[in-house]
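In what follows, a single structure is set out as structure tokens and then discussed.
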Amino acid sequence: MREGFNLRAIDIYALAYLVLTGPIYAFLQDPPILQAVLLHVLAPVVILVLARLKETRIVQLLRDFYPIALFGLLYTECSTLNRIFVPEGYLDSHIIDLEGAWFGSQPARDFRNWVPVSAFSELLHFAYFTYYAYVITLTLTLLLGRSREIYHRAIATVGLTFFVGFFVFIAVPVAGPYYEFARIEAGETLLMPKVVQWVLDRGSSVGTAFPSSHVSIATACLFMAWRYYRPLGRILIVLVPLMAAGAVYGGFHYFIDVIAGALLGILCSTVGHRYTLALSGAKEPSEGTTS
Numbered sequence: 058m059r060e061g062f063n064l065r066a067i068d069i070y071a072l073a074y075l076v077l078t079g080p081i082y083a084f085l086q087d088p089p090i091l092q093a094v095l096l097h098v099l100a101p102v103v104i105l106v107l108a109r110l111k112e113t114r115i116v117q118l119l120r121d122f123y124p125i126a127l128f129g130l131l132y133t134e135c136s137t138l139n140r141i142f143v144p145e146g147y148l149d150s151h152i153i154d155l156e157g158a159w160f161g162s163q164p165a166r167d168f169r170n171w172v173p174v175s176a177f178s179e180l181l182h183f184a185y186f187t188y189y190a191y192v193i194t195l196t197l198t199l200l201l202g203r204s205r206e207i208y209h210r211a212i213a214t215v216g217l218t219f220f221v222g223f224f225v226f227i228a229v230p231v232a233g234p235y236y237e238f239a240r241i242e243a244g245e246t247l248l249m250p251k252v253v254q255w256v257l258d259r260g261s262s263v264g265t266a267f268p269s270s271h272v273s274i275a276t277a278c279l280f281m282a283w284r285y286y287r288p289l290g291r292i293l294i295v296l297v298p299l300m301a302a303g304a305v306y307g308g309f310h311y312f313i314d315v316i317a318g319a320l321l322g323i324l325c326s327t328v329g330h331r332y333t334l335a336l337s338g339a340k341e342p343s344e345g346t347t348s
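Mind the numbering: the sequence shown is residues 58 to 348 in my numbering, read in order.
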């Protein structure tokens, strides 16, 4: 046991989020008590204990990978917490009105009709699906190809993007066009639309469309990969725009969700990343340190 807590930036961000959102359970009708205890009592204790322990290989492994598990759990939790602030329910009608006023159409409903090409649909749905590999790919790439210190900077920046997005999900719940518009069933010959719909029907957290976490997190991963491991960055700079287009083409996000997600990812990857470096006591690294 070491003296004091060796808190990293990701630990500070996670603890702050858990402490700030935990009290929301007190205002819910029939709150899930076990979920509240696990996420807002046990999880902070575990983070603090790990930060206090001597860094054996097991402790290092737990500290390196717990954020990834926590992101998924807190994403799921948002559909519970976002019931408290907006009595009328989800705010989709406002987003739909804005889309109509700004774009003169509903891109999340109409894009697929503008380009009704099966190969194009497969491509964009595949790109959308690649999102689920971004965080773990960035994690393994930086841990194996760079260093744990660089990984900690990157995962803290990605984590900050997640947590800010979660706050918005709770305060501004938007279900998304996947639930608001009539769904277009995937054709019998199309694979990726069926795969993506299967995943969403089993793992989506309702009310978390704005801003698009797919786009915000993908943008953060792109920025971190471009900064710290350029070969991965070159792959993501192709995939991420296609993924963002797929979010609208597949009817999973409003176009406004995508724009907001991109802006959030850029903000957290620039201003937020500098703050992460300051918390870590690290100097600003040179761009593209690995070509």
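Virtual Cβ for every residue (Gly too), placed ideally from N, Cα, C.
Residue j beta carbon less than 7 Å from that of residue i
i    : j    : result
Y285 : A211 : yes
G264 : S136 : yes
P250 : A317 : no
G233 : A275 : no
V252 : D149 : no
A228 : F142 : yes
L299 : A176 : no
T198 : L296 : no
Backbone secondary structure at residue i - three-state DSSP
i    : result
T113 : coil
T137 : helix
T265 : strand
V143 : coil
V368 : Residue coverage of the chain in this structure runs from 58 to 348, which leaves residue 368 outside it and unanswerable.
T78  : helix
S204 : coil
A66  : helix
T276 : helix
M58  : With a pLDDT of 49 at M58, under the threshold of 50, the modelled position of that residue is not reliable, and the figure given next carries that caveat. Of the three classes helix, strand and coil, the one that applies to M58 here is coil, per DSSP.
D87  : coil
F219 : helix
Residue range of the alpha helix (DSSP H) that includes residue i
i    : result
N170 : P164 to W171
Y306 : R287 to Y306
A239 : That residue, A239, is in no alpha helix (DSSP H); it is neither H nor E in DSSP.
F160 : D149 to F160
P250 : M249 to G260
V318 : It is worth fixing the name first, because residue 318 is Gly in this sequence and not Val. F312 to S337 is the extent of the alpha helix (DSSP H) around G318.
F183 : S175 to F186
For residue j and residue i, the rounded distance between their alpha carbons
i    : j    : result
G157 : Y311 : 11 Å
R65  : C278 : 19 Å
L257 : T113 : 38 Å
T196 : N139 : 29 Å
N63  : R166 : 49 Å
A73  : V221 : 11 Å
L289 : L334 : 21 Å
M281 : Y70  : 17 Å
G303 : Q254 : 12 Å
F223 : W171 : 32 Å
D154 : Y147 : 14 Å
I294 : L180 : 16 Å
H151 : Q163 : 13 Å
T218 : H330 : 10 Å
D314 : V106 : 37 Å
I207 : P124 : 15 Å
I67  : E145 : 34 Å
C325 : W283 : 15 Å
Nearest to residue i (by Cα), restricted to the options the options
i    : options                   : result
H182 : Q163, A108, L138 and A301 : A301
K111 : G146, H209, A319 and G61  : G61
I193 : A319, G129 and R65        : G129
L119 : F160, A100, Y132 and L131 : A100
T133 : A239, V315 and F226       : F226
A239 : R169, Q86, F219 and G161  : R169
G260 : V94, P88 and L131         : L131
L20  : Q117, D87 and L77         : The question about residue 20 has no answer, for the chain in this structure spans 58 to 348.
A190 : Q92, I292, A83 and E237   : I292
Any non-hydrogen atom of the ligand GDP closer than 6 Å to residue i Cβ
i    : result
N139 : You won't find the ligand GDP in this model; it holds no ligand whatsoever.
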